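Protein chains in written order, with numbering that gives the first Met the number 0: chain Z, 0 to 491; chain V, 0 to 491.
Protein chains: 2
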Amino acid sequence: MSKEITSRETDYAQWYNDLVIKGELADYSAVRGCMVIKPYGFALWENMRDALDRMFKETGHVNAYFPLFVPKSLFEAEEKNAEGFAKECAVVTHYRLKADPAQKGKLIVDPEAKLEEELVIRPTSEAIIWNTYKNWIQSYRDLPILVNQWANVVRWEMRTRLFLRTAEFLWQEGHTAHATQEEAVAETKQMLDVYADFVENWMALPVIKGVKTENERFAGAVDTYCIEALMQDGKALQAGTSHFLGQNFAKAFDVKFSDKENKLEYVWATSWGVSTRLVGALVMAHSDDQGLILPPKIAPVQVVIVPIYKGDEQKTMITKKVNEITSQLKAAGIRVKYDDNENARPGWKFAEYEMKGVPVRLAIGARDLEKNEVEVARRDTKEKRMVSADGVAEYIAVLLGEIQAAMFDKAKDFREANTRKADTWDEFVQILDNQGGFIAAHWDGTSETEDAIKEKTKATIRCIPIDNPQEEGKCILTGKPSVQRVLFARAY
Amino acid sequence: MSKEITSRETDYAQWYNDLVIKGELADYSAVRGCMVIKPYGFALWENMRDALDRMFKETGHVNAYFPLFVPKSLFEAEEKNAEGFAKECAVVTHYRLKADPAQKGKLIVDPEAKLEEELVIRPTSEAIIWNTYKNWIQSYRDLPILVNQWANVVRWEMRTRLFLRTAEFLWQEGHTAHATQEEAVAETKQMLDVYADFVENWMALPVIKGVKTENERFAGAVDTYCIEALMQDGKALQAGTSHFLGQNFAKAFDVKFSDKENKLEYVWATSWGVSTRLVGALVMAHSDDQGLILPPKIAPVQVVIVPIYKGDEQKTMITKKVNEITSQLKAAGIRVKYDDNENARPGWKFAEYEMKGVPVRLAIGARDLEKNEVEVARRDTKEKRMVSADGVAEYIAVLLGEIQAAMFDKAKDFREANTRKADTWDEFVQILDNQGGFIAAHWDGTSETEDAIKEKTKATIRCIPIDNPQEEGKCILTGKPSVQRVLFARAY
């Protein structure tokens, strides 16, 4: 029997949790707000990480590693950044435990091992990195620095959700240093494009590229660029951000370089990151009430083969044919698994791999073998078809590409059907409450209005799309003049 | 001009630090005992990590990720493990900072955000992982669990050294669960073999496989297996450990499974790890007074090409030839860099890549071009040879293999020349003080004697080698009977 999943209609949040837990992507842990990423979920993350890492390297970046800890005095140096993250910092205050004199076998924090200066666990690494760059940069010849780091970070969130919002999460953070503003802005935009390319072409998830308003900007940034995706419940999800930091961190950490004319200038900075949150986006965007649906390009297993047999003789014959097919698939670079586990029945396996979102399932029975055929089933559309065993590897190679494209198209159609214009407050509220999705609406450009809209509706401005058409109108809340529509949504 | 390095003879410890800093592997950080791994050092670690990761996967392991934090009550559950690590635990006690009312722009730890239960930053993850395995294991069908994790860990060391001993370090930790003792012991030994294979065949560093004495055992283990390598100063370095944990953690966390007869049994465990410490071993074992010497199989750059020219015309011609060679090398899977930076002279570049340990350097001048030749220089032996440009890619592919083998042989010859027998206390002390290296000597098998020898000489028992010949003798310190020699050394 299939493990039971709550349907999307019944309870979307519970459906999501069921998928993550029963699809074996992650598990709750004994630590408040922290999760365990299980092997299947981690294999998915590894595929995402490796694809991104290649894209970073192709655009000239190198990896490095900076400390987990940020001394409090460094943390507070860039005031806006510090203020933005202060409320969610895990803080190390002691460096030793000792035996509890009151309880045998128990430990207490040793009060004599108090740190002179507390250490913040990095919620993001601008402070520790720019304090280091200070020593690496003297002249324009030392620029640009194009460094990325794969790391864990901690943000003490009060309400956590598997992958989407956890106290500890895995991410990458790029931190680059440049001689000119122009170059830093170009880098910020380039990395936004890399993220959009990855999320669209690997995760099969269309995104809107845009700029954040001041309210939603990264603490310490001059401009925050983002990619925004739409989930099946009509809520938006920020899938990645790329920040132009101006000279804010260079000034906070006094990082100057001598230019070609030997003049001392502050260095220009960017930072950009995506996290394991993307796994949550992937789950929410594509899956259905039977389980996960994973895009072929990042699925840990792309093809699973299930034998259907009675007795050892049939199994041996089927396995022989499967081995042929498997080696053809592997030769084509396809990740394939043959599940000949005798302790589970085919029906159970079908449900299990449906739950786990394996893009293609092959089934081979004794009668199929006689006809030299295999049954090929797609996870995304649930279509099944009999295919000649002779050409099945080529067939599947093409099919995986088709599934990847179909998943993107489906998500894009959904987003387009759920992107609407609102010209009045009533219209805006009605769309939000009855349909959700993105709403393009006029806004007077002030933080106060943005706050008021959020207060009344929980909707936020997700972004001002790049190349947004200029169009005169009136703010949906205040009626004041506006020069362009911006994109609103309720969001994760 | 070459950056200056202290010679090994003058000050071995300073020589090591110079190599790490000037070879651009790592840098000190603002956090006590924590280092920054620079891009060149991280590229080296990535190559090591990727090779190990492939070996783990080939032996059936999968990766996962567990929380950075261990609640104190879980940490103390396995008493020996807790006792062993308690003195070096970084502890998170608070989860928020707030504005300092006394000083504008400064932050203080918010006393109202004190955690109910303190969180230990993992010094190793047995506790948090076995607390999780409890939920994953019910029956023998759930076993074995063969999981590895790449992660950062923190051990608050008082005396730190770049790579060799840092408060935070990167490592992998395998944590496996088995139905039988036999299977767990086999896993422990298998992973020791994987480590030995990696260190010998990728790092070109011969190791001795053995078992630790009780004194040197991992806290919480039944047996600790290790690989031990010898550094150029005659000190040993533990390069990796693999622990048979018996049922200690299963009992501490109450992890039982029902076997085929439906009887409840405690699960058997192993854990095994290597860390960024291996980078330190690599540096210490192979390098010379001119800089690093990196084994080709893990060197970030295997071949560097330096053009020697006057004027643009010569440079253009040389570059054309270099592009041919570069594409041949890349096609052969060789990591090659062409350094045509105009701001540095060839002599500076030669010294720079010597410092960075690039295994092979090609130099091409205008006259070489006429003769269709290139100069090929080996970093390890400093030999130079003129080679026809036509066959240079094949020549280098072979040469890289030769260098890898020669580095291993050199290190092995050194170790063999520095492994000695001592039959009396005087002999033992004299070898230790004048020659160093491994000393095979008789020991009466007691922890007291081992402690006394350590106290008097700073030498420890590195291991009891696997397949150690049995040989009757008398303990070098107490004269009591002994059945075998064990391997002593001073160690990092």
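Virtual Cβ for every residue (Gly too), placed ideally from N, Cα, C.
Quick caveat, the model's predicted, so the values are computed rather than measured.
- The residue among Z:Gln137, Z:Val146 and Z:Asn130 with its C-alpha nearest the C-alpha of Lys56 of chain Z is Z:Val146.
- Its Cα nearest to that of Phe256 of chain V, the residue V:Trp135 stands out among V:Pro299, V:Trp135 and V:Pro358.
- Interface annotation, Asp26 of chain V: in contact with chain Z, CB-CB separation under 9 Å.
- Interface with chain Z (9 Å Cβ-Cβ cutoff): Lys71 of chain V is included.
- Remark: C-beta atoms of Gly279 of chain V and Arg414 of chain V do not approach each other more closely than 9 Å.
- Under the rule that a run must span 4 or more residues, the alpha helix (DSSP H) segments found entirely inside the region 122-167 of chain Z read 125-135.
- Following the DSSP letters along the chain, one finds His93 of chain V in no alpha helix (DSSP H) but inside the beta strand (DSSP E) bounded by residues Val90 to His93.
- Contacts with chain Z at 9 Å (Cβ-Cβ) do not include Val254 of chain V.
- Here His177 of chain V really is in contact with Ala183 of chain V; their C-beta atoms are around 4 Å apart, less than 8 Å.
- Asp389 of chain V and Gly400 of chain V have their alpha carbons spaced roughly 20 Å apart.
- Boundaries for Ser28 of chain V: no beta strand (DSSP E) harbours it, and the DSSP string shows neither H nor E there.
- In the structure shown, Trp201 of chain Z falls within a coil segment according to DSSP collapsed to helix, strand and coil.
- Here the C-alpha atom of Gln434 of chain Z lies approximately 7 Å from the C-alpha atom of Gly233 of chain Z.
- In this structure, Glu77 of chain V places its C-beta atom within 9 Å of the C-beta atom of Asn247 of chain V.
- Scanning its chain for C-beta atoms nearer than 7 Å, with the 5 sequence neighbours on each side dropped, one finds around Lys320 of chain V the residues Ile363, Leu368 and Ala388, in chain order.
- Looking at the backbone, the Cα of Leu67 of chain V and that of Arg154 of chain Z are separated by about 12 Å.
- Per the Cβ contact rule, the region 2-14 of chain V is not in contact with the region 473-491 of chain Z (fewer than 3 Cβ pairs under 8 Å).
- Near chain Z, meaning a CB-to-CB distance below 8 Å, the residues of the region 51-81 of chain V are Val61, Asn62, Ala63, Tyr64, Phe65, Pro66, Leu67, Phe68, Val69, Pro70, Lys71, Leu73, Phe74, Glu75, Glu78 and Ala81.
- Contact of Glu117 of chain V with chain Z by beta-carbon distance below 7 Å involves Val108.
- Closer than 8 Å at the C-beta level to chain V, one finds these residues of the region 84-102 of chain Z: Ala85, Lys86, Glu87, Cys88, Ala89, Val90, Val91, Thr92, His93, Tyr94, Arg95, Leu96, Lys97 and Ala98.
- Around the C-beta of Met230 of chain V, 16 or more other C-beta atoms lie within 10 Å, and the residue is accordingly described as buried.
- In the DSSP assignment, Gln237 of chain Z falls outside any alpha helix (DSSP H) and lies within the beta strand (DSSP E) extending over Ala235 to Gly245.
- Counting only Cβ-Cβ distances below 9 Å, Trp155 of chain Z has contacts in chain V at Tyr94, Arg95 and Ala112, in chain order.
- According to DSSP, residue pairing for Leu486 of chain Z in a beta bridge involves Z:Ala439 and Z:Cys462.
- Asn322 of chain V is outside the set of residues whose beta carbon lies under 9 Å from a beta carbon in chain Z.
- Only exposed fits Val397 of chain V, as fewer than 16 other CB atoms lie within 10 angstroms of its CB.
- Taking the Cα positions, Asn151 of chain V is about 9 Å away from Pro122 of chain V.
- Contacts with chain V (Cβ-Cβ distance below 7 Å) from the region 324-351 of chain Z involve Asn342, listed in chain order.
- Taking a cut-off of 8 Å on C-beta distances, the region 299-317 of chain V touches the region 35-54 of chain V, as three or more cross pairs fall below it.
- Per the C-alpha coordinates, the member of V:Ala350, V:Met385 and V:Gln137 positioned closest to Leu263 of chain V is V:Gln137.
- Against chain Z, the CB of Phe41 of chain V has a partner CB under 9 Å away; the residue lies at that interface.
- Leaving aside the five residues that flank Glu199 of chain V on each side, the residues in its chain whose CB is nearer than 8 Å to its CB run, in chain order, Pro205, Val206 and Phe407.
- By the Cβ neighbour-count rule, Ser446 of chain V is exposed, with fewer than 16 other Cβ atoms within 10 Å of its own.
- Think of a sphere of 8 Å around the beta carbon of Asn151 of chain Z: the chain V residues whose beta carbon falls inside it are Leu67, Ala150 and Asn151, in chain order.
- By the Cβ criterion, the region 27-34 of chain V is not in contact with the region 103-116 of chain V, since fewer than three pairs of Cβ atoms, one from each stretch, lie closer than 8 Å.
- One alpha carbon belongs to Ala284 of chain V, the other to Asp141 of chain V, and they sit about 43 Å apart.
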